[in-house]
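Down below is the structure, laid out as structure tokens.
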Amino acid sequence: MQTEIKTENLKPGRVQQIGPLVGLGLIILALSLISREFLSITNIFNVLRQISINALLAFGMTFVILTGGIDLSVGSILALSGALSAGMLAGGMDPWLAVLAGLAAGTVMGAGNGVLVAKGKVAPFIATLATMTIFRGLTLVYTEGRPISYDSDTFAMLGKGYFFEIPIPVIWMLVSFVIVYLILKNTPFGRHVYALGGNEEAALLSGVRTDRVKIRVYAVSGLFAALSGIILTARLNSAQPTAGTTYELDAIAAVVLGGTSLAGGKGWVTGTLIGAMIIGVLDNGLNLLNVSSFYQQVVKGAVILLAVLLDRSRKK
Amino acid sequence: MQTEIKTENLKPGRVQQIGPLVGLGLIILALSLISREFLSITNIFNVLRQISINALLAFGMTFVILTGGIDLSVGSILALSGALSAGMLAGGMDPWLAVLAGLAAGTVMGAGNGVLVAKGKVAPFIATLATMTIFRGLTLVYTEGRPISYDSDTFAMLGKGYFFEIPIPVIWMLVSFVIVYLILKNTPFGRHVYALGGNEEAALLSGVRTDRVKIRVYAVSGLFAALSGIILTARLNSAQPTAGTTYELDAIAAVVLGGTSLAGGKGWVTGTLIGAMIIGVLDNGLNLLNVSSFYQQVVKGAVILLAVLLDRSRKK
Amino acid sequence: MTEPLLEMKGISKAFAGVRVLKEVSFTLAPGEVHALMGENGAGKSTLIKILGGIYAKDEGRIWVDGRERTIRSPREATQLGIAIIHQELPVVPQLTVMENMFLGREFTYKWRSIRWNRMREESQKYLSQLGVRIDPDQKVGELSVGQQQMVEIAKVLSLQAKVLVLDEPTAALTNREIESLFEVVESLKRHGVGMIYISHRMEEVFRISDRMTVLRDGTFVGTRETGSTDMDQLVQMMVGREIRERFPRRSLRMGGERLQVEGMTRKEKVSDISFTIRGGEILGLAGLMGAGRTEVADLLFGVERLDAGRVSIDGWPVTIRRPIDAIRAGIAYVTENRKEQGLVLSRSVKENLSLPNLGALTSFGILRRGVEKRMTEAQVKQLSVRAADSDQEVGTLSGGNQQKVVIGKWLAARPKVLILDEPTRGVDIGAKAEIYRLMNRLAEEGMAILLISSDLPEVLEMSDRVLVMHEGRISGVFDRDEATQEKVMIAASGGGKLAD
Amino acid sequence: GCSTESALEQEEKKPDQDVTIGLSISTLNNPFFVTLRDEAKKTAEKEGVELIVADAQNDTAKQINDVEDLMEKNVDLLLINPTDSKAVSTAVESANQSDIPVITIDREAEGGKVVSHIASDNVKGGEMAGEFILNEIGGEGNLVELQGIAGTSAARDRGKGFHEAVDGKKDVKVVASQPAGFDRAEGLKVMENILQSHSDIQAVFAHNDEMALGALQAIRSAGKDILVVGFDATDDAVEAVNKGEMGATIAQKPGEIGKIAVRVAAEAAQGEKVKEFYPVQLELITEK
Ligand SMILES: Nc1ncnc2c1ncn2[C@@H]1O[C@H](COP(=O)(O)OP(=O)(O)OP(=O)(O)O)[C@@H](O)[C@H]1O
Ligand SMILES: Nc1ncnc2c1ncn2[C@@H]1O[C@H](COP(=O)(O)OP(=O)(O)OP(=O)(O)O)[C@@H](O)[C@H]1O
Ligand SMILES: O[C@@H]1[C@H](O)[C@H](O)CO[C@H]1O
Ligand SMILES: [Mg+2]
Ligand SMILES: [Mg+2]
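Residue numbers (this note's numbering), protein chains in the order written: chain U, 6 to 321; chain E, 6 to 321; chain P, 153 to 652; chain Y, 7 to 294.
Rendered as structure tokens:
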């Protein structure tokens, strides 16, 4: 048993890379056999656009989870940043400035989480659970519980527009993916993230400023949450006070389905993208198949379990 | 020298024990200063009864977290067990049998989680996230999305009754607390739970049947979830298909506020009880003070953070 | 000879296609101490893990007490009377000494409640057999590595096994504890217990073993009676060539004072430590287990903060609050505990080696991965780390090879002051010589080296001066030519007083 | 029981069933909408149209996705029960672009072209509850409001109507307004807590029946006699009203909404002219 665990380790890269992909492949195969609409071009773009929000949250979450942390507050940061941007737009601010302000706000909120974790030494789960509640409360206070509408085609375009047939949110997702991929793979910061998650003490003793890395990692997560919030606000023509509720769960699920370990130190963002696709394809497929919503939950849970189990058993 | 070591050894224990208690004390003090009703006998029993559900879930969660795992499915198990019991009652089953059947169902669901984690080697977060969805879906399927009412005073008494002035749910909670306390402290199973969370490999090498311990731990969590489900069903005179949604977060928060480490191996159930009290007292106090709904979330999150931070800084 | 207690025949094992054991055979007689020898990565621990039910063998057969057995889990191994002290100390830090000792076989009443007093008495009994004073109620995580090792030994003693495997039991121990361990080994011999003994300390092996079996590259080289072999022959068998000198010499070229420590104090741990190291000098730091040597290193490196005292480098006072400050000031630190502090086990050899040096490998914020690969691969070669390639996960390297990686990661940084805490723990004889040569070269280049070691011959041979600590204070300073085993030992036990 | 439409059933579309209607519903985690959906399904069967249902689980973004997915299924017409009136406009607009007619139910859309709207008025309902309470307590007393999930339109609108009715009355005071998440267990807990600090309460208005029934449990355990008014007229609530335990509940007639919606949709899909608005009357349900 132990052996199995350890043998995997020798060629981590390869096995890890194939696992989630096989799962995704099987799900797509199954769906395309039972649903005619599933593999149409429009539906493929449709699915990609649908997953973009979750994928962006999950990209940020990948950093956090790689350090061995977790960020439950992303859904609330999404809502608050979106509300702030919409509020500023409604107040007549330039759309691009409003976007920047929203992104900055999300980054600051994320950095706040990071400070609690790094300097306050609060367990990430509890720190971000608390800020999840706080940021949601602030969103309600700021919006007075009402959606905020605005009127700006430039802004709306960020969520609804197309760039040569490709929906803009998909562009955001792909560009972010490439950037995250490069950061994790090719920068000292990326290495520090992995080292911190693998062995914090050893990282510290190797001169990694672990506190700083932690703060940055949560700030990145906040930034991605804000970006998602802006895209969502753009798509919905308004900022919803309840937007993003429970989104953290799907984001975490995407990361873990992608093969990143919740213990930290191991994983990759390509897996996260695949994980987000698994979830998105499932949601879309179950809708196309008109599975009743009660059964949808059963099927979705079961398929996710199967994907993970399959991955495990194939490794043996 | 030996004596020195001993005193040092005692200290971490004590600090751990006092931390959450101080937090609770301060919150109680503050609330009793601003609200007259807060410290009345009736309100004390009221609060105790209110926290019993969360405390019971958190007791089960304590086992799971001590092994380094997590159980997100408790809210769904609560709902499904409650619905099954209510369904059987409505079908005319003997109330005690219905209770037993509900508890058994919860235990089996929990053990299912355990098998996924131990034998399937699925990360606890993802395994129980999937079963959370599945069990919720099954609850909706079973109840057809509607509350199930029943008519049994015996059953209702389990949630609404009193035993010498003490609400029955409080009795459930206190008896469970004592049992859990003794199991964790004085039985090999309890020690194995800590060992597993502290160093799984070491436990395995020492001959601890780690798979078995894991399965049991999730089964215990399922059992407590079912017990909570039955009490809630009894209190509400009906089983709600959406009962227990997001309860896992409060249960986990109670455990962590109580000083138990999410990394496993460290913690104690007394802390969990105190953690559950902190959350319950806060909810109650905010209601008593009629804090506006938008601000309630901000205040609750902030107080929880403060309690944890206070605990940290006092330890330095 | 009598019927063997244990017989292993034709054992083979491969990890992901790489064969690390090839048809190895081994026998153990009752009352025998059988040394299992070989370089780092030769396959010793792997063989032992197969015996202990941790790894499944690919081929081969095992007989215990004349009956063929398949051992599928550690539990089954224990039931067959096989007890193992593993190389990488599997303890549960959060549990107490006695809980660790009896984990999985707690004493209980009929109603499944633990009999604490019985547990305490039993653990006390085995600990005192080893002559150590460790409180059974103390958390294991609060013990030093050496003390943890003693707890592990006490634990296997309490298993009353027929076959006892000791995989580098002395790596973390000082002479005193080693002596009591050997007494116990002798007495177990008399009771007919068969022991497999793995160690890289040659003196020990010759002293205590009856036979030796040598593995090289996972193959069986031969078994010899200890009495009819000598060190050179053994080394020849292990390494396939001769090691010319165990402690290579170097030319002394002392520079100015590089590191200056004055009045270093940390409440309840160390007090008033002062010393200097000059460029090109190796200062040895000796002492008994828990004397506070590691503490001195931790303080120097900013792992812990000073309560009082001053540190200067090249005459300039430096303030060290965190490890990064120390690194910037030119200090490097090879920690004694490679698993917890030294390595990120889940990452590759390459990533571990480059971790403290990423700054130098980066231009315009981008990591130059080609340069990194070349640099780390050169280091792997220089330190002769046995790894499939530099992408292998460090956690899957053999213990000794992991140690080489810990040292390697500091070499590229070219520090002014190098602290080595137990640098050759678990390192084989050939690699040790390699590390010593490296130390010499670094010293010759002007580095100041602080060598903390429990291996007395190592301290005495390699150091220019020896500092001895006792209960957090300096209890003796000796120049190279006046330092002897006896003098150091007396100072270490608090006997000798400082001359000035 | 409720059923899953298996894929196979989908494939073998009966020849006469050439009209397909998509229904995007805000949530099925609430008996109110379950009733609406069930009635819609029944009607669809009777009318011989195919109905595909998607459940947005109260998530505005998921609803947009659901509508997109329904459009992939080439539905002839969309019935949308918005999770939020503003957010849904994106979905309505994209349906407009693909020339798929949209009918909103229960809540309005604030953007895009809508063929018809079928609903009752939540603000009005809140007002009715408030007026009923004022009447019952004789224009004098302390009131409690149990609010729905903060930020949802139902909570907003019902609260608004209720306050329009009761605020500013001389001898009437809302002594506590607390959120209880549209949930029965929360309603119980929050009411218990409110009862600790307010012994003199004459009436409770809960934004839905689930919370009202929870509050009722708390009131009964405390041995008090307080008028409770809920919203939705769920089976449990109507029973409680008939037993005299609850004062009243505002019936929005979800079944009626579902029925009318499908009928109107079928007509519209076949090119018939339909009205812009089909009001579904609210009804105050009191003890029979
Ligand atoms: N789980 C594993 N996965 C891959 N390779 C492994 C694994 N365990 C051991 N190895 C490899 O097997 C070889 C033998 O390792 P082993 O630990 O048995 O050596 P050893 O003789 O005990 O060395 P040392 O003296 O350094 O402890 C090494 O090359 C090591 O890298
Ligand atoms: N009671 C304790 N609680 C926690 N850690 C302890 C305790 N005692 C010792 N340690 C740690 O154990 C390590 C070794 O201690 P110290 O520096 O005193 O010993 P040493 O002279 O290096 O001896 P050793 O050979 O055992 O390493 C240090 O890191 C120290 O902090
Ligand atoms: O009308 C419905 C129900 O009243 C429900 O209780 C909450 O959401 C509203 O829109
Ligand atoms: Mg070894
Ligand atoms: Mg030391």
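Beta carbons are placed, not taken as given, at the ideal position from N, Cα and C, and that holds for glycine.
(request) Anything in chain Y within Cβ reach of E/L241, meaning under 8 Å, just list it in chain order. (result) Neighbours of E/L241 across chain Y, judged by C-beta separation under 8 Å: R190, A191, L194, L219, G220, Q223.
(request) List the residues of chain U that P/K108 touches, going by C-beta distances under 9 Å, in chain order. (result) Residue 108 of chain P lies beyond the stretch modelled for chain P, which goes from 153 to 652, so this question has no answer here.
(message) Considering only heavy atoms of ligand 1, does any lie closer than 7 Å to the CB of P/N489?
(response) No - ligand 1 has no heavy atom lying nearer than 7 Å to the Cβ of P/N489.
(request) Just list the beta strand (DSSP E) runs in the region 466-509 of chain P, keeping only unbroken ones of 3 residues or longer that don't cross its boundaries, in chain order. (result) Segments of the beta strand (DSSP E) lying fully in the region 466-509 of chain P: 468-470, 483-486.
(message) At the 8 Å Cβ level, is U/E42 part of the contact set with chain Y, yes or no?
(response) At a cut-off of 8 Å between C-beta atoms, U/E42 counts as an interface residue with respect to chain Y.
(request) Starting from P/G190, follow the beta strand (DSSP E) in both directions and report where the run begins and ends. (result) Unbroken run through P/G190: none, as it is neither H nor E.
(message) Closer than 8 Å is the cut-off here; do at least three beta carbon pairs connect the region 86-101 of chain E with the region 43-59 of chain E?
(response) No: the two stretches stay apart, fewer than three of their Cβ pairs being nearer than 8 Å.
(message) Just checking Y/V40 against ligand 1 - is the residue's beta carbon closer than 7 Å to any of the ligand's heavy atoms?
(response) Taken from the Cβ of Y/V40, every heavy atom of ligand 1 lies 7 Å or farther away.
(request) Please list the segments of the alpha helix (DSSP H) lying wholly inside the region 145-192 of chain U, counting only runs of 4 or more residues, in order along the chain. (result) Along the length of the region 145-192 of chain U, whole alpha helix (DSSP H) runs at least 4 residues long occupy 158-165, 173-191, reported in chain order.
(request) Indicate whether at least one CB of chain E lies closer than 8 Å to the CB of Y/E11. (result) Low confidence applies here, because Y/E11 scores a pLDDT of 38, under 50, leaving its location unreliable; read the following figure in that light. With 8 Å as the cut-off, Y/E11 does not count as an interface residue toward chain E.
(message) Using the three-state DSSP reduction, which class does Y/K119 fall into: helix, strand or coil?
(response) Collapsing the DSSP output to three states places Y/K119 in coil.
(request) Confirm the yes/no value for this check: CB of P/Q554, any heavy atom of ligand 4, distance under 7 Å. (result) No.
(request) May I ask whether a heavy atom of ligand 1 can be found less than 7 Å away from the beta carbon of P/K192? (result) Residue 192 of chain P is actually Asn in this sequence, not Lys. True, at least one ligand heavy atom lies under 7 Å from that Cβ.
(message) Classify E/N242: buried if its beta carbon has 16 or more other beta carbons within 10 angstroms, exposed otherwise.
(response) By the neighbour-count rule (16 or more Cβ atoms within 10 Å), E/N242 is buried.
(request) Along the alpha helix (DSSP H) that carries U/W101, what are the first and last residues, could you check? (result) Per DSSP, U/W101 belongs to the alpha helix (DSSP H) from 100-123.
(message) For ligand 1, is there any heavy atom lying closer than 7 Å to the beta carbon of P/F178?
(response) Checking the Cβ of P/F178 against ligand 1 gives no.
(request) Evaluate the contact criterion for the region 71-81 of chain E versus the region 191-209 of chain E: three or more CB pairs, one atom per stretch, below 8 Å. (result) Here the region 71-81 of chain E lies against the region 191-209 of chain E, with 3 or more beta-carbon pairs under 8 Å apart.
(request) Identify which residue in U/G306, U/V313, U/A312 has its Cα closest to the Cα of E/L77. (result) Measuring C-alpha to C-alpha distances from E/L77 to each of U/G306, U/V313, U/A312 identifies U/G306 as the nearest.
(message) Taking CB distances under 8 Å as the criterion, tell me whether U/L315 reaches chain E.
(response) Answer no: the Cβ-Cβ gap between U/L315 and chain E never drops below 8 Å.
(request) For Y/E170, collect the residues of the same chain with a Cβ closer than 8 Å to its Cβ; drop the 5 residues on either side in sequence, then sort them by chain order. (result) So the list reads V129, G132, E133, G136, once near-sequence residues are dropped.
(request) From the DSSP output, in three-state form, read off U/W273 for me. (result) Assigned with DSSP and collapsed to three states, U/W273 falls in coil, not helix or strand.
(message) I'd like to know whether the C-beta of U/F64 is nearer than 8 Å to at least one C-beta of chain Y.
(response) So, not an interface residue.
(request) Compute every distance between the C-beta of P/D287 and the non-hydrogen atoms of ligand 4, then say whether any falls below 7 Å. (result) No.
(request) Indicate whether the contact test is met: 3 or more Cβ pairs, each with one atom in the region 267-282 of chain E and one in the region 94-112 of chain U, closer than 8 Å. (result) At 8 Å Cβ cutoff, the stretches do not touch.
(request) Label Y/S205 either buried or exposed according to how many other C-beta atoms from any shown protein chain fall within 10 Å of its C-beta, with 16 as the threshold for buried. (result) Taking all protein chains in view, the Cβ of Y/S205 is surrounded by fewer than 16 other Cβ atoms within 10 Å, so the residue is classified as exposed.
(request) Leaving out five residues on either side along the sequence, give the residues of the same chain with a beta carbon under 6 Å from the beta carbon of U/V225. (result) Cβ contact annotation for U/V225 (same chain, cutoff 6 Å, sequence separation greater than five): G65, F68, in chain order.
(request) Run the CB neighbour count on Y/S104, radius 10 Å, all protein chains shown included, and call it buried at 16 or more, exposed below. (result) Classification of Y/S104: exposed, given that the 10 Å Cβ count is below 16.
(request) Look at the alpha carbon of U/K165 and the alpha carbon of U/W101, and state the distance between them as a whole number of angstroms. (result) When rounded, the distance between both Cα atoms is 16 Å.
(request) Let me know if U/T138 comes out buried or exposed under the rule of 16 or more other beta-carbons within 10 Å of its beta-carbon. (result) Under the 10 Å beta carbon count, U/T138 is surrounded by 16 or more other beta carbons and is classified as buried.
(request) Under 8 Å between beta-carbons, which chain U residues line up against Y/D215? List them in chain order, please. (result) Those do not exist, as Y/D215 stays about 21 Å from chain U at its closest Cβ, beyond 8 Å.
(request) For P/S351, verify whether its CB is less than 7 Å away from any heavy atom of ligand 4. (result) Relative to ligand 4, even the nearest heavy atom lies 7 Å or more away from the CB of P/S351.
(message) Short of 8 Å Cβ to Cβ, which residues in the region 47-59 of chain Y face chain U?
(response) Cβ contacts with chain U: I58, V59.
(request) Consult DSSP for P/I642 and reduce its assignment to one of helix, strand or coil. (result) Collapsing the DSSP output to three states places P/I642 in a helix.
(request) Can you tell me which of the three DSSP states Y/I106 falls into? (result) Residue state for Y/I106 is assigned as coil, using DSSP reduced to three classes.
(message) Using beta carbons (cut-off 8 Å, strictly below), is E/R221 in contact with chain Y?
(response) Answer no: the Cβ-Cβ gap between E/R221 and chain Y never drops below 8 Å.
(request) Give the straight-line distance between the Cα atoms of E/L53 and E/V27, rounded to the nearest whole angstrom. (result) The alpha-carbon atoms of E/L53 and E/V27 are separated by roughly 18 Å.
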